[in-house]
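Step one of this worksheet: look at the structure below.
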Amino acid sequence: MNDDYKLIVRKIKIGDLPNATVVERFHRDSLLMTSYPDKGEEFYVPFRQAIDTFVNAVRGENIAQAKTALGQVDHLRKTAHRRYK
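Per the working numbering, the very first residue in the sequence shown carries number 4; after that it's consecutive.
Spelled out as structure tokens, the structure:
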């Protein structure tokens, strides 16, 4: 998952849409990651919403929306990891 995330971030930073297979795998892994009890449940709903927004933006080839959503994903990810990892 971490390698996919890094690749996604690199692509978005340069203004490219990441590969659909990578995005779908990241989406699937994110849903799995947010299913564990007592590991940051207060972040799960907003994280899933941000992931869904990101994935839909990529599917719709909307790079601006994908970049904004990925920023939210990154913020929630870092906040949760500081607390629970």
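A virtual CB, placed ideally from N, CA and C, is assigned to each residue, including glycine.
Counting C-beta neighbours from all protein chains within 10 Å, is the total for residue i 16 or more, i.e. buried, or is it exposed?
| i | result |
| --- | --- |
| R80 | buried |
| S33 | buried |
| D7 | buried |
| A60 | buried |
Tell me which residues share the same chain as residue i and place their Cβ nearer than 6 Å to its Cβ, disregarding the 5 neighbours each side in the sequence.
| i | result |
| --- | --- |
| L73 | I15 and F57 |
| E83 | Checking the sequence, you will find Ala at residue 83 rather than Glu. Answer for A83: G43 and F46, listed in chain order. |
Just to confirm my understanding: we take residue i, look at its own chain, exclude 5 residues before and 5 after, and list those with CB closer than 7 Å. What are they?
| i | result |
| --- | --- |
| I66 | G18 and L20 |
| K70 | I15 |
| F29 | M4, D7, Y8 and I11 |
query = Unbroken beta strand (DSSP E) runs of length 3 or more, entirely within the stretch 40-85: which are they?
reply = none
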